[in-house]
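As structure tokens, the structure follows; a few thoughts come after it.
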Amino acid sequence: MSGKNTVLKTFKLAGTKDGQISVSRIEEPYGPNSAPVVSIGISLKSESEEPDWKAHIPYENLDELIAALKEAKDAK
């Protein structure tokens, strides 16, 4: 069960011919009164209706996720 999905940004998935990453806000993702989440979707083909993989991140965890992503980038 999923509520309103607002795509915030899409960009090319590196290393693929036609893949993309999408970042969305989903309202009531788990039914009425559930808290909104950020959804990160990975599609191997940009015209796909649904991402091949996705992760739902609660807004309360975004700062920690961003810090971890920065750490991963710096460790590259």
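Under our numbering, read the sequence shown as residues 29 to 104, first letter to last. Ideal Cβ positions, reconstructed from N, Cα and C, are used throughout, including at glycine. Since the structure is predicted, the reported quantities are computational estimates derived from the model, not experimental observations.
Nonlocal neighbours in the same chain, by C-beta distance under 7 Å from residue i, ignoring five residues either side
{"i": "Q48", "result": "T38, F39, K40, L41, S71 and S74"}
{"i": "D80", "result": "I70, S71 and L72"}
{"i": "S30", "result": "I54 and P57"}
{"i": "P86", "result": "A63 and V65"}
{"i": "T44", "result": "L72"}
Beta carbon of residue i nearer than 9 Å to that of residue j
{"i": "I94", "j": "K82", "result": "no"}
Opening and closing residue of the beta strand (DSSP E) in which residue i lies
{"i": "K82", "result": "W81 to P86"}
The alpha helix (DSSP H) enclosing residue i, as first and last residue numbers
{"i": "L36", "result": "Per DSSP, L36 belongs to no alpha helix (DSSP H); it is in the beta strand (DSSP E), N33 to K40."}
{"i": "L22", "result": "Only positions 29 to 104 of the chain appear in this structure, which leaves residue 22 out of reach."}
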